[in-house]
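Listed in order, the protein sequences are those of chains R and C.
Everything in the first sequence is counted per this note's numbering, starting at 1 for the first residue and increasing by one.
Everything in the second sequence is counted per this note's numbering, starting at 1001 for the first residue and increasing by one.
For reference, the structure is listed below as structure tokens.
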Amino acid sequence: MTSAHETPSGIDIFIPPFYDWFWSLIIVGILALVFLKFALPKINAVLDERTAKIEGGIALAEKVQAEAADAKAQTEAELVEARNVAAGIKDEASSDGAAIVAEAKAKAQAEAARIVEAAHRQIEAERASAVVSLREEVGGLATELASRIVGESLADDARQSRVIDRFLDDLDAGLAGKAEATDSAPASSGTEPGQA
Amino acid sequence: MLVRLVVMAAMILFLWLAVRKAKVVPGRLQGFLEMGLDFVRVQIVEQTLGKERAKPFVGMFTVIFFTILFMNLAGIIPFLNVAGTSRIGMPLVLALWVFVTYLVVGVRRHGGGTYFKAQLVPAGVPGWMLPIIVPIEALQLFVIRPLTLALRLVANMMAGHILLVLTFVGTHTLLFYSEAAMVPVGALTFVSGFAATLFEIFVAGLQAFVFTLLSAVYLNFSLEESH
Chain R
1 MTSAHETPSG IDIFIPPFYD WFWSLIIVGI LALVFLKFAL PKINAVLDER TAKIEGGIAL
61 AEKVQAEAAD AKAQTEAELV EARNVAAGIK DEASSDGAAI VAEAKAKAQA EAARIVEAAH
121 RQIEAERASA VVSLREEVGG LATELASRIV GESLADDARQ SRVIDRFLDD LDAGLAGKAE
181 ATDSAPASSG TEPGQA
Chain C
1001 MLVRLVVMAA MILFLWLAVR KAKVVPGRLQ GFLEMGLDFV RVQIVEQTLG KERAKPFVGM
1061 FTVIFFTILF MNLAGIIPFL NVAGTSRIGM PLVLALWVFV TYLVVGVRRH GGGTYFKAQL
1121 VPAGVPGWML PIIVPIEALQ LFVIRPLTLA LRLVANMMAG HILLVLTFVG THTLLFYSEA
1181 AMVPVGALTF VSGFAATLFE IFVAGLQAFV FTLLSAVYLN FSLEESH
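Below is the structure:
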């Protein structure tokens, strides 16, 4: 043990004297006890809180990122779905259009056929009436001509009617080869010249 | 001083333990170290130099701060019982590092002529006063700043060491080698030793802070545009 009065030599130069390390050991020991018992838990709490804060921050950032990725994926999925729906609507519309066009075409064809039919019928009717009026006229002319040729002998109504009928029947027989729709004409035309 | 080697070994061990399993989310030891590093970076260097200009010097000031802090704390550790900074060698080396750094940075930034003129000839001083002012400024720049850095630290730590030794010797002598009547006085010196130890812990941190802060301020003089 070195006393305070001696000058140390040898290895003692590097080793603190007994009083020095002994008393500082006691004091630092007491300080260490106090520190470990009271200060350290608080410091550890602060450090743990710091760790928790950093962990929480990182976790939060990851969560936010994941949520953003989710939202993006969802948006894309919705977009794809919307595109599919749009394509479906487009297909439907074009097939509908084709159907409508086909229907319109069919209708138009039917209409055209109807119009043609009506026109035919009208033409037929007009022809029939033309035949009737022609017969009347021809009958009248023939009668007049015959009465001029034959004179008053044909004034008798019954005879006149018979002659005209016979004449027209011959005429009809000649016409029948060209038109068959005038079958009923002799009956009606038989009376009309008589009245005229 | 053997103490310096021991402290250096302790520092390396501490850093290795704290950094060995370094992760993004720090554990307790790493968190403690990070708080210390943040303190130097934010409270000392960035506050003084500004965030952008501080960047290249954060490492240097961190080394200076923690070296001084650990060396200072050796003064109260049993079996070491003396601060590594209580002899002029170490403070002088650190002060010279700062000194050379602020000169080199100043010359590099402004060019030799501009830098020394800005430092030695304060703007707005009348011409006839320059023969007095320039030597004072030169003394300030080349001697006083680095020397006071080193002397302040060594004097504080030496005084702390003497104070501790005094109370320990007093306690020892009064309790074991004196009359029984002196035992209460010995108890008093023990309490004083306790108080002095607490005070030395405070001083260890304070002097590390002051040294680092003043170094940053001196460096800032070299980075300033003009005075």
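Every residue, glycine too, gets a C-beta built ideally from N, C-alpha and C.
- Of all residues in the segment 48 to 67 of chain R, only 48, 50, 51, 54, 55, 58 place a beta-carbon less than 8 Å from a beta-carbon of chain C.
- Between residue 91 of chain R and chain C, the shortest Cβ-Cβ separation is not below 8 Å.
- Here the alpha carbon of residue 1119 of chain C sits roughly 32 Å from the alpha carbon of residue 1204 of chain C.
- Contact between the segment 1150 to 1169 of chain C and the segment 1087 to 1095 of chain C is present, with at least three C-beta pairs closer than 8 Å.
- Closest in C-alpha terms to residue 55 of chain R, from the list C:1189, C:1046, C:1038, C:1023, comes C:1023.
- Chain order gives no chain R residues near residue 1110 of chain C, where near means a beta carbon separation below 9 Å; the closest approach is about 42 Å.
- With a cutoff of 8 Å on beta-carbon distance, residue 1201 of chain C and residue 1076 of chain C are scored as near each other.
- It is roughly 33 Å from the alpha-carbon of residue 165 of chain R to the alpha-carbon of residue 118 of chain R.
- Of all residues in the segment 1184 to 1200 of chain C, those with a C-beta nearer than 8 Å to a C-beta of chain R are 1190, 1193, 1194, 1197, 1198, reading in chain order.
- For residue 39 of chain R, there is no enclosing alpha helix (DSSP H), since its DSSP letter is neither H nor E.
- The three-state reading of DSSP puts residue 1133 of chain C in helix, counting H, G and I together.
- Of all residues in the segment 18 to 30 of chain R, the ones placed with a Cβ closer than 9 Å to any Cβ belonging to chain C are 18, 19, 20, 21, 22, 23, 24, 25, 26, 27, 28, 29, 30, in chain order.
- Residue 1164 of chain C belongs to the set of residues whose beta carbon lies under 8 Å from a beta carbon in chain R.
- Here the segment 1161 to 1175 of chain C makes contact with the segment 1185 to 1196 of chain C; the two share three or more CB pairs at distances below 8 Å.
- If you check the CB distance, residue 1044 of chain C and residue 1213 of chain C come in under 8 Å.
- Contact with chain C is absent for residue 84 of chain R, since none of that chain's Cβ atoms lies less than 8 Å from the residue's Cβ.
- When CB distances to chain R are screened at a threshold of 9 Å, the residues of the segment 1076 to 1104 of chain C falling below it are 1076, 1077, 1078, 1079, 1080, 1081, 1082, in chain order.
- For residue 1158 of chain C, the enclosing alpha helix (DSSP H) has its first and last residue at 1145 to 1176.
- Going by beta carbons, residue 168 of chain R and residue 139 of chain R fall inside the 8 Å limit.
- By the 16-neighbour rule on beta-carbons within 10 angstroms, residue 95 of chain R is exposed.
- For residue 8 of chain R, the closest Cβ of chain C is not nearer than 8 Å.
- In this structure, the beta-carbon distance from residue 1061 of chain C to residue 1216 of chain C falls below 8 Å.
- Chain R places no beta carbon closer than 8 Å to that of residue 1205 of chain C, leaving this residue out of the contacts.
- Beyond the five residues adjoining it in sequence on each side, residue 171 of chain R comes within less than 8 Å, by CB distance, of 135, 138 in the same chain, given in chain order.
- Neighbours of residue 14 of chain R in chain C, taken as residues at a C-beta separation under 7 Å, are given in chain order as 1002.
- With its beta carbon less than 8 Å from one in chain R, residue 1032 of chain C belongs to the interface.
- For residue 1197 of chain C, the enclosing alpha helix (DSSP H) has its first and last residue at 1183 to 1223.
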